[in-house]
Structures are given as C-alpha cells and as structure tokens.
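For reference, the structure is listed below as structure tokens.
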C-alpha cells in the first residue's frame, strides 16, 4: 500500500490522468500473457518523459516501492507480474518514432512504439528492422529489448540484441544515462547497452532506443515441405545449412500442430504427414530463385513426401501467417495453454522433438511442438487446465524434464521468452549457481535496494520447486 | 615483488618452464603496441588450462597480486601494461582450435589462437569468420574478444562482439563459469558473454571461446576511387548507403596517408588527389558485379576524379594489403607513431576529417587520417617523437580536441582500440560520470579486490589530465 503522501507526490509527477488505481485499472495490470501468474499492483503510472521516470524512480527507491516496467504485457514468462505489489510503470506513452536516419541506417524511438509500427515506418523508406516476435502487432520495442525478443528471422538476421545500438535508461537512483549511439564501432567501456538487453526490467527503465536498420531485401519466396517422419525434416534443415545457404526463416510444425492450425486456418494441409517445414528466403531476385531451387532439391533428396513453392508473394505470406496463428489456434483447445521455448543447437533438433514426444507420452499430456527449426528454438506447447491441480502438477514435471533434456543437448532453458517468474528455478541449470550469484551482484550494482522488478529472474532461495525432488 | 613462497606456489601450478622472471622475460612483457607506456611485471605465467588459471587467480586474489591477461600484446591503448606490477598472464598456450562445427556454424577454440589462423582454418571448410583487425596475423582471438576488435569489414559484418556466442571464463575467486554456447537464441539471465567482450581483462580471464561462423561469400571485387576533395568522397559513401548497398569494406585514405603508403608499397597512386576510397563487395557473383557497377556509377556522379576496378582478385587483394600497410608505412617516418581511433556516425565523416586537419594545423603536427569510412571509424595518426616532451604535450592537447570533436559529432572516443590507459581520462566524455561509476560497481561485482588488470579503463581520480585545463 502506498501512503497518501506518496500517492500525492507520484500523482503530481505524471498528472492525475496518468496515475491509475481504480480496481479495474489495477486488475488490468495484474497479469501478462503467461497463464496462472497474477498479482495486484498498488498503482499504475504512465510517465511520458525520462524526467518523469527519473522522479518516480527516486521516490520509489527512497521508499522501497517495487517498480515493474511494462509495454503491452505480452510477456510469456510472468515478467510483468507485480508479484510484490508496488508500481506498474506502463511505458506505452513513449510511443513516438523520433527519427529514421537513412544515412546512418538507424531509427530512434520511444520504448512504447509497437514493433509492427516500427516495421511499417522503416519499410516505407526501403529499410528493414528484422526482429519479428510472434507478438509484434501489439508488443513494444521496449518490451522486445527488455526480453531480447526473437522471432522467425533469427537464423539469418539474429534477434533483438543484434539491432540495439544505443539506449537512454534510468537507474533506480534517478540518474538518466546514455549508452551507445549511432556508431557501428564503439568500445568505450563495458557494453551497458547489451547488458540492458534481456535484463527483463530488473536493472533500470529504458526511455529511448536507437536501433540498427538494414536495406529492405528486394524480394522473398516461400517453400513448404512435408515429411513422413521427423528425421527427414531435421536432415533437410541440416543439409540446407551444410550447403552454405542461410534462409531467412525455417519453421517447423509437428503433426499435432499441423492439425490444429489447419482446423483454425483451413489450409488443406496433408494431415497424414508427421511434420512440415516452412522455408522463406529473401534477398535479390536471382539469389532467392537460386536458393529456393536448391532448397527444394535438398528437401526431395532428404525424403520429403511433398514440396510446394508458394506461387505468389501472397501465397507465401498466407503460409507464414498460418504458422504465426499456431499459438492462437492451440489456445482454443483447452482453457490453459502453456507455451515454452526450450532451445537447442540446430543439429540436435530431431532429438529434442523426440524427447518432447517421449515426455508427453510419459505424463499423458497433450504437447504440440512447433518453432524456429533454423535456430533450434522450439515451442513445445501444452494444452491443459489450470483448475486441474493434478494435471498442472504433471505439466510442471513434464517441462522440468524438457528443460533438463535441452540442457543435456547443449541447449538452453529459454531461447526468446526470458526467465521471469516462470523459469527462475531453472536458471542455475544453464548458468550454474556461480553464474546466478554473479548476476545477482550485477543487479545489486544497478539496484542496491532491489526495487526493479523484484521476484523475477532469480529464485528467492536455492530450493528447487517441490516437484523436482520427487 | 612476489614472496619466495608465493613464487614457489605459482611455479608449482604451471611448472617451472612456464613461470618466467628473468629480466629479459619481464622486459618482453613490459609493453604492448602502444607508444610511451611501459611497466615491469613481477612474473610472467603461461598457463595451459582453465584449472591452472583458476588456481593462479585464487592465489593472486588472496594475496592482492595484480593479474594482467594478454595474448600477443598488439593492444593500442596500453591495455597490456602491468602498470602496478604483478603477474602477466600470457595466454598464448591456449592455441588450439577444438572444433569447427559446420552443422551449427560455430568454431570452439582457445583464446590464444591467432585470428588469421582461425580465418584459414574455417575458410578451408567454406566458412567465414568476418572480424579482421589490422593486427590479425599476430593478434589472438582472446585479445580481440577482450578489446572487441573491429577491422575493415565492420560496415557489413559488424565486429568481434557480433561473433562471440559462448565463453568459458574464470573469476578472480577462481570460479570457472560458462556463458552462452551454440544456441542462436539464448536469453537465460543477463548477457554475461557480451559483458566480457570489450571488458579489457578487467573482469576475468577467458579460457575458451565459441564463435559464430557464416558461409564464405562466393566471390569479391574491389574498386578504388580518387577525389579532388574530401566532400566528394564522403558524399560517395553516403550515396552508396542511400542506394541500399552495404559493401563489405569502404576504406578511406587522406592525401598524406596516400603519399606515405605509396612510398612504402610503390603502387603508383595519383598523389595530387586529396583522398581515395577503397571499396570491396563480396557475395554471389551476379550480386557483386551489380553492386560494384552501381558503386562505380555513384562515385563518378559524386565527382570522383578517377575510378578503377581491380581487374583480378589479386589486384584487389593488393590494394587492400596496401591499405593494411598504412600503419607500418607511417611508422617509418618518425620515432613515435600514435594511432588513434576516434569514431563518428558515418554521416559525419567529412566534418570529422576536416576537424582533424584543423587541429593538426593548429598544433603544427603531422597527422595523417585513414580508416574505415563505411562505419565512421577513423584513424588519425600522429607521427612524433616521444623524447620531445614539448611536442608530446602538443600531441596530447591535439588528441584531446579530436576526442571532444568526435563526441560533439555524436561519435565516440574509441571505435575499436579500447580505453586501456591511453583513454581512461576521456571515458566520462562518452558515458558520463554516472556511467563510469556504474561500470566501476560492475567491476567490483566481478573483482572485489581489484586484481584484474588494475589501472585500466577507469582513471584513479575524477581529475582530468593537466592539459585539459589549459
């Protein structure tokens, strides 16, 4: 609970209109896109300038009030849940693109700009911002930065961290700092820009972002290949890379995902197939034609049951839109949909998919797997019901096994969703207890009073979830 | 001075053969490639395993002995100088390439592998490691990582940080940690990999590196353009980018550098010209032919006095080798050559070059400017004599002005050389006093006893050099 005086002072910073604390407003900021997690904040503030953020943080720091920064709340790891109450800092008023600098190939914008808005604005100038997380129509670039969001183009173009060149950010002390800028090369001190990327709101608040842009590729083409088994699909991915072709996108759908997507989007997919790959290449016309022809040949050679080239740009876009609808389609099946993102080096893809199938069988759960085959980033997705405590217990145990399998295969517990609350118990699996302790010391260097998004990323104790010990 | 007992224990860790402390051996590790700076270590150790590094660091941490890690010592910012004595950790025995994984497009290697060796090994497999710092024939990948080394291909391919996927590193406590790996996407906790990149040996010791590889481009072509003035050259660079072409390399040489390089390499350059651009494009044959033709047209349109296409691959390589010889050529002129790397956003290139000329004129110094025009990373290089205290004083004041000008133009104090000792007084110019304080707190989180490369990156006091106040 905020005192009347604190409430008065906070409200004076942003103006009454942007200090929200009716039950409805608080409720609307009590959850994100992660099932099961929910907690009520004490207030929601919508600042509009770095100076306002600075004033809010100084007060909060002085009074030990938690600050939970958020954009559109599409987080899939519980990262936006105000688990200790306090202030949710809704950053969506920082929604202006300040500049598109085509000479230096950069854009400078507020963190509240929606990712798809940025795409649209830069593409109108013949430029390209590659990161395209599934949530891009509503998620913000600031949220993408905080989570280091990925997407379908990771294989060829990398992820959000590869496009953040500079930031303005506010420390809990209220200090407003800048890091990086428009320089391609800049080695003045530690790379604070990269440290803030993926820090999940636990270090400070981002108030301005400069991103790197590329020339927009001249054209793109899409191909779809169907397989009687997993191995042939995985070998096709391997052989494409072995042929020194890096497609923009290689997406994978298993049979159960295909069924659900087909039912949702009415594509007429061959549902007797065990898996499918959706491959897109972009670039110059001749390069794209040559690459797609070679990829088609490889797919046939590796045993594809069928390979189809999208005849038009629109046909290709339709196929990728169907893939993008996977989460929405799966969500219709049962009350609770848990989307995970265990990730492995791409050469271990088939093993990982088989592992997920084994675990689903063992616990008698419905787990569909789809994802970014080109970069080994899979989304095993479980359809369940959070009201069924027994089943949720099984789901937890199943994902625990899946994370352990990913680590065993040289992978990681999260490829693009982040740690948040959902995976903080598993962080030591990937980075070790020593790595977690080091990260906590870094957090303390930024945030000595632990007001920034507390209760995220780091488990409160070394104790694992009860389910682990069974 | 190390006590006899400490010496005995350190020597037992690496073996007598790899514990060096004769005057010659100490002298050989008292300097790097930076003029003027020099200091003697107490001992030089050459460990061969992470376990040995761990044991050395534990002992040093316990006894407060400075540790200065180094590869080949090609540092240009005084980063390898054992300014407080202690132990130089020569990492060149970590010189094995453990694996080239063509399925996951990674290589895993020891930090002591020479950069050019890595190039050769991966290119033999049709793969490509783009970072190519000027020192690449002798510098090590570990040194490149510690400095976030750049090179000629930064414009299209980025720099060392864009290619480091995973590391094994040792903390001063002796803990051996791993970060990252072979996963294209990995957001488990803070990005410790990126934090170690460019940390200049101040946080820990790197003992293993996993780098990202690309397919080797099919071909490349080189073009050279000569200009009567700076503006036309700068506008050519701008128009190439505005045409949405990203060449692999755009190098710039001013008239005085052209003269010196021509005298050194006997190229028959037109020395009445004010500047030249060397542009290389790589990729598929048709793409390269098309890009180079368009670049040629742009150069003529923007007022080039002459444009020549290298007829053969060898001719192109010869031109770039000449550019690479610039530092060697300049070094012959006078006893001391100070190579700087003030960097600006590429659109400010002409202004920056003019600023350097103005400063050289003002202080009556010989400063040649060349560098990576495509990414705004310039190398104003001063030929001087360190025995002439008056002139060195003028050089310091001149570079101070150049750094201020770079910052004023939205640039940075160092694009690819690092802060080290040479630029620690200027770090606050770029990141602010608050930024420096935050970085120091991060250093303390890794290295509470300040044994890792002390006296680098952060000035001991907030006081600027005396020359600033004049």
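Residue numbers (full-length UniProt numbering), protein chains in the order written: chain P, 1 to 470; chain W, 1 to 470.
We put the CB at the ideal spot given by N, CA and C, even for glycine.
Just so you know, these numbers come straight off a predicted model, no measurement behind them.
Whole runs of the beta strand (DSSP E) within the segment 282-312 of chain W, excluding any shorter than 3 residues: 306-309
If we ignore side chains and look at the alpha-carbon of each, how far apart do residue 47 (chain P) and residue 18 (chain P) end up? 7 angstroms
Kindly indicate which residue of P:16, P:43 and P:7 has the alpha-carbon position closest to the one of residue 24 (chain P). P:43
Under 8 angstroms by beta carbon: chain W residues contacting residue 154 (chain P): Under the 8 angstroms cutoff, chain W gives 184 and 185.
Starting from residue 104 (chain P), find everything on chain W with Cβ-Cβ shorter than 7 angstroms and list it in chain order. 345, 346 and 347
Consult DSSP for residue 430 (chain P) and reduce its assignment to one of helix, strand or coil. helix
Give a yes or no on whether the minimum CB-CB distance between residue 80 (chain W) and chain P is below 8 angstroms. No - not a single Cβ of chain P is within 8 angstroms of the one on residue 80 (chain W).
Does any C-beta atom of chain P lie closer than 8 angstroms to the C-beta of residue 441 (chain W)? yes
Can you tell me whether residue 27 (chain W) is helix, strand or coil according to DSSP? helix
Compile a chain-ordered list of the residues in the segment 112-145 of chain W whose CB is closer than 7 angstroms to at least one CB of chain P. 126
Could you tell me which uninterrupted beta strand (DSSP E) segments, each at least 3 residues in length, are contained entirely in the segment 153-181 of chain W, listed from first to last along the chain? 164-170 and 176-180
Just confirm the distance between the C-beta atoms of residue 179 (chain P) and residue 166 (chain P), as a whole number of angstroms; I'd bet it's less than 8 angstroms. The C-beta separation of residue 179 (chain P) from residue 166 (chain P) comes to about 6 angstroms, placing the pair in contact by the 8 angstroms criterion.
To the nearest angstrom, report how far apart residue 29 (chain W) and residue 210 (chain P) are at their CA atoms. 41 angstroms
Backbone CA spacing between residue 204 (chain P) and residue 133 (chain P) [nearest angstrom]: 23 angstroms
If you check the beta carbons only, do residue 336 (chain P) and residue 384 (chain P) fall under 8 angstroms apart? yes
Applying a beta-carbon distance threshold of less than 7 angstroms, which residues of chain P neighbour residue 147 (chain W)? 187
Cα separation between residue 301 (chain W) and residue 295 (chain W)? For residue 301 (chain W) and residue 295 (chain W), the distance between alpha carbons rounds to 10 angstroms.
Ignoring anything shorter than 4 residues or poking outside the segment 86-162 of chain P, list the alpha helix (DSSP H) runs there in chain order. 115-123, 141-147 and 154-157
Do you know how far the Cα of residue 162 (chain W) is from the Cα of residue 162 (chain P)? If you draw a straight line from the Cα of residue 162 (chain P) to the Cα of residue 162 (chain W), it comes to about 7 angstroms.
Cβ-based neighbour list, residue 154 (chain W), same chain, cut-off 8 angstroms, excluding 5 preceding and 5 following: 372, 374, 375, 377 and 416
Is residue 220 (chain P) close to chain W, meaning its C-beta is less than 8 angstroms from at least one C-beta of that chain? no
Kindly say whether residue 284 (chain W), judged by its beta-carbon, lies nearer than 8 angstroms to any beta-carbon of chain P. Among the CB atoms of chain P, one or more fall inside 8 angstroms of the CB of residue 284 (chain W).
To the nearest angstrom, how far is the alpha carbon of residue 420 (chain P) from that of residue 73 (chain W)? 42 angstroms
Following the continuous alpha helix (DSSP H) through residue 394 (chain P), name the residue where it begins and the one where it ends. 389-408
Under 7 angstroms by beta carbon: chain W residues contacting residue 457 (chain P): By Cβ distance, chain W contributes 189.
Beta-bridge partners of residue 250 (chain P), as assigned by DSSP: Beta-bridge pairing links residue 250 (chain P) to P:279.
Counting only beta-carbon atoms, is residue 377 (chain W) nearer than 8 angstroms to chain P? yes
Interface partners of residue 403 (chain P) on chain W, CB under 9 angstroms: What residue 403 (chain P) touches in chain W: nothing, since even the nearest Cβ is about 10 angstroms away.
Taking 8 angstroms as the cut-off, decide whether the C-beta atoms of residue 449 (chain W) and residue 172 (chain W) are in contact. yes
Whose C-alpha, out of P:53, P:16, P:87 and P:14, is nearest the C-alpha of residue 1 (chain P)? P:87
Quick one: list the residues of chain W neighbouring residue 312 (chain P), beta-carbon separation under 7 angstroms, in chain order. Under the 7 angstroms cutoff, chain W gives no residues; its nearest Cβ is about 24 angstroms from residue 312 (chain P).
Determine the extent of the alpha helix (DSSP H) in which residue 233 (chain P) is found, giving its start and end residues. 230-242
By DSSP's criteria, residue 485 (chain W) is part of a beta bridge. Which residues make up the other side? In the structure displayed, chain W extends from 1 to 470; residue 485 (chain W) sits before or after that span and is not available.
Return no unless some Cβ of chain W is closer than 8 angstroms to the Cβ of residue 327 (chain P). Residue 327 (chain P) does not count as touching chain W.
Would you please verify whether the beta carbon of residue 49 (chain P) is less than 8 angstroms from any beta carbon of chain W? no
Could you confirm whether any beta carbon from chain W is found closer than 8 angstroms to the beta carbon of residue 206 (chain P)? no
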